[in-house]
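Student: Taking this note's numbering, I'd label the letters of the sequence shown as residues 594 to 1044.
So that we are looking at the same thing, I have put the structure below in structure tokens.
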Amino acid sequence: MPSNTPHHSGSPHPQRWRLLTLLGLAQFMLIADVTVVNVALPAISRDLTLSGSGLTWVVTAYTLFFGALLMAGGRLADRFGAPRMFLAGLALFTAASAASGLATDAATLIAARSAQGLGAALLSPAAMALVTVLFQGPERHRALGAWAAIGGAGAAIGVLLGGILTDGPGWRWIFYVNLPVGALALGLVPLLLARAPRTPGGATTAVRSRVGVPGVLLLTLTSASLVYGLTERSWLWLAGALAAGVLLAVSERQSRHPVMPRALPGRRNLLGGSAVMLGAAGLLVTAFYLSSLHIQDSLGRSPLVTGLAFLPAAVAVTAGAHLGSRLVPRFGWRPVAAGSFALAAAGAAVTTLGGLWTGLVPGFALLALGLGAAFVCATTSALSEVTPDHTGVASGLVGTSHELGAAIGIAAFASGSFTTLALPALALALAAPLLLPHGRPAASSAHAMAH
């Protein structure tokens, strides 16, 4: 039997729910760090005398490295073991958070934010790979539902946390708050993972397969050029992304060790679920972006009030993910995804019916409720037939789709209004059933477990 064939232990990991809590806390930090900085930008600008372009890079440096290196991080998790890459990424992210808080000039802060993004790119796919392997059957769908909720709620709570910390102890604490969480996870995750017999394959161990360096470098270049080109709306960088993508396709076809294994089980489900993730993330992140600007610039509300206005959306996306994890096993991916995006479209329309608390807040919550369920459809379908020795690269693709969706959404709708999101949401309600697999996940999970 090949060394990269996974073997499953007969019983689930006894510490799986405690591990999910710690892995979820780490993932929450990564997602919150995308939005927590936005509220603190004026204070950072005053303290470090940053220009407009410098402020942009405080945000972009993190998202650029995070989004560009996710696939590479997933491939490394498959090669060297998800626990090892999770701990390496978490250690780097935690150290870079401390450096960000201690920064006294723009160059140091931007460099530290870049290191945070690199750590996040190593951590995130490894954490999702661990969740996928630690849970089996119906428990896996509940665990991935909780994982999907973390992504949506983290973005909303990040805005609130940024407002509280910036108005309170100061902007440096938006980075210092990561330190105790990182230290806790670094101390406990290895101990909990050790409390079960090791399996000879899968995400908890290294898989003896080589990593194609040219493919990883071209993939990173393609992703970085695409994310930066979309963020900056630069046709030159987008053309560079296209050229790098063509070279990547040629390299992958000829390579003996491609980044995306040719025999990857469940490849069609993975690509379809990742496409749905791209659309759902684009809608949610763009909604956060547009509503944050509208509340502060047009309505003149404070950062703290802006954060409080996002709380219902944070609760709603969590509830939507929980509901989706219950509905998908019963009705299947296609009808739940179609209904989720239709609900999101209705939420976008509701925002026009009143003011901040009577229109925007309830409408945003309705949109978030639908997208929370859509995230579950995307994640569970994408990973439904992926075997444990490929969970890293699969998780990296799902994460990359999330980041690209965010960049595409903001680039396409940054100058529009909240209600313009209703049209793409309706389009996704029609497209999702064509992208996702037919039937319910139980059969797919059983198939995956049989491999």
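All C-beta atoms, glycine included, are put in the ideal place defined by N, C-alpha and C.
Treat the numbers as computed from the prediction; the structure is a model and nothing was measured.
1) Hey, is residue 895 close to the ligand HEM, as in C-beta under 8 Å from one of its heavy atoms?
2) Where do the ends of the alpha helix (DSSP H) carrying residue 910 lie?
3) Cutting at 8 Å between CB atoms, please list the residues of its own chain near residue 787, excluding the five before and the five after it.
4) Determine, using beta-carbon pairs with one atom in the region 933 to 942 and one in the region 998 to 1007, whether at least three such pairs fall under 8 Å.
5) Determine the burial state of residue 1017: buried for a count of at least 16 other Cβ atoms within 10 Å of its Cβ, exposed for fewer.
6) Since residue 741 and residue 628 should fall inside the 8 Å C-beta cutoff, what is the C-beta to C-beta distance between them, to a whole number of angstroms?
7) Can you tell me the Cα-Cα spacing of residue 915 and residue 969, whole angstroms?
8) Mapping DSSP to helix, strand and coil, what is residue 698?
9) Given a cut-off of 9 Å on the beta-carbon distance, is the pair residue 831 and residue 823 in contact?
10) Could you spell out where the alpha helix (DSSP H) holding residue 870 opens and where it closes?
11) So residue 985 and residue 667 are in contact, right, with Cβ under 8 Å, and what is the actual spacing, rounded?
12) Since residue 630 contacts residue 767 with CB under 8 Å, what's their CB separation in whole angstroms?
13) Let me know if residue 644 comes out buried or exposed under the rule of 16 or more other beta-carbons within 10 Å of its beta-carbon.
14) Which of helix, strand or coil does DSSP assign to residue 980?
15) The alpha helix (DSSP H) that contains residue 968, what's its start and end?
16) Who are the near neighbours of residue 895 in its chain, counting only those whose CB is closer than 7 Å to its CB and skipping five residues on each side?
17) Please go through the same chain and pick out, in chain order, the residues whose beta-carbon is closer than 6 Å to the beta-carbon of residue 992, but skip the five residues on each side of it.
18) For residue 863, which option in 698, 703, 988 has the closest C-alpha, if you only look at C-alpha atoms?
19) Go ahead and pull the three-state DSSP assignment for residue 841.
20) Can you list, in chain order, the residues of its chain with a C-beta nearer than 6 Å to that of residue 819? Leave out the 5 residues immediately preceding and following it.
21) Contact between the region 677 to 692 and the region 840 to 847 is defined here as three or more beta-carbon pairs at a separation below 8 Å; is this criterion met?
22) Under the assumption that residue 884 contacts residue 953 (Cβ atoms under 8 Å), give the Cβ distance between them as a whole number of angstroms.
23) How do the region 865 to 878 and the region 959 to 976 stand: do at least 3 beta-carbon pairs fall below 8 Å, yes or no?
24) With distance defined between alpha-carbon atoms, name the residue in 611, 613, 659 nearest to residue 997.
25) What is the C-beta distance between residue 942 and residue 1012, in whole angstroms, given that I count them as a contact (C-beta under 8 Å)?
26) Quick check on residue 759: buried or exposed, where buried means 16 or more other Cβ atoms within 10 Å of its Cβ?
27) With residue 726 and residue 737 assumed to form a contact (beta carbons below 8 Å), what rounded beta-carbon distance in angstroms separates them?
Tutor: Put simply:
1) For the structure depicted, the ligand HEM is absent and the ligand set is empty, with no information on it obtainable.
2) By 1-based counting over the sequence shown, the position of residue 910 is 317. Its alpha helix (DSSP H) spans residues 896 to 924.
3) Taking the first residue of the sequence shown as 1, we reach residue 787 at position 194. Result list for residue 787: empty, nothing under 8 Å.
4) no
5) As a first step, residue 1017 must be located in the sequence shown, where it is residue number 424. Classification of residue 1017: buried, given that the 10 Å Cβ count is 16 or more.
6) Within the sequence shown, residue 741 is the residue found at index 148, counting from 1. Within the sequence shown, residue 628 is the residue found at index 35, counting from 1. Incorrect: roughly 17 Å between the Cβ atoms, too far for contact.
7) As a working mapping, residue 915 is identified with position 322 in the sequence shown. As a working mapping, residue 969 is identified with position 376 in the sequence shown. Rounded to whole angstroms, the separation of the alpha carbons of residue 969 and residue 915 is 8 Å.
8) Locating residue 698 in the sequence shown gives position 105, where the first residue counts as 1. Correct three-state label for residue 698: coil.
9) Counting from one through the sequence shown, the residue named residue 831 turns up at place 238. Counting from one through the sequence shown, the residue named residue 823 turns up at place 230. The answer is yes: Cβ separation under 9 Å.
10) Working through the sequence shown from its first residue, we reach residue 870 at position 277. From DSSP, the alpha helix (DSSP H) with residue 870 extends over 860 to 886.
11) Translated into the one-based positions of the sequence shown, residue 985 becomes position 392. Translated into the one-based positions of the sequence shown, residue 667 becomes position 74. About 4 Å separates the beta carbons of residue 985 and residue 667, which is inside the 8 Å limit, making them a contact pair.
12) The sequence position of residue 630 within the sequence shown is 37, counting from 1. The sequence position of residue 767 within the sequence shown is 174, counting from 1. So it is a contact: roughly 7 Å between Cβ atoms.
13) Within the sequence shown, numbered from 1, the residue matching residue 644 stands at position 51. Looking at its Cβ environment, which holds fewer than 16 other Cβ atoms inside 10 Å, residue 644 is exposed.
14) Locating residue 980 in the sequence shown gives position 387, counting from the first residue. Correct three-state label for residue 980: coil.
15) Counted from its first residue, the sequence shown places residue 968 at position 375. Element bounds for residue 968: 954 to 975.
16) Within the sequence shown, numbered from 1, the residue matching residue 895 stands at position 302. So the list is empty, once near-sequence residues are dropped.
17) Here the question's residue 992 lines up with position 399 in the sequence shown. Only 663, 717, 718 meet the Cβ criterion.
18) As a position in the sequence shown, residue 863 is number 270, starting the count at 1. Checked all of 698, 703, 988; the closest Cα to residue 863 is 988.
19) Taking the first residue of the sequence shown as 1, we reach residue 841 at position 248. Helix at residue 841.
20) Position 226 of the sequence shown holds residue 819. The residues are 834.
21) Taking 8 Å as the limit for Cβ pairs, the verdict is that the region 840 to 847 does not touch the region 677 to 692.
22) Looking up residue 884 in the sequence shown gives position 291. Looking up residue 953 in the sequence shown gives position 360. 6 Å between Cβ atoms; contact.
23) yes
24) Here residue 997 refers to the residue found at position 404 when the sequence shown is read from its first residue. Residue 659 is the option with its Cα nearest to residue 997.
25) Along the sequence shown, read from residue 1 onward, the residue named residue 942 stands at position 349. Along the sequence shown, read from residue 1 onward, the residue named residue 1012 stands at position 419. The Cβ separation is near 6 Å, so the contact holds.
26) Numbered from its first residue, the sequence shown carries residue 759 at position 166. Buried.
27) For the purposes of this step, residue 726 is taken as the residue at position 133 of the sequence shown. For the purposes of this step, residue 737 is taken as the residue at position 144 of the sequence shown. Actually they are not in contact, since the Cβ atoms of residue 726 and residue 737 sit about 12 Å apart, beyond 8 Å.
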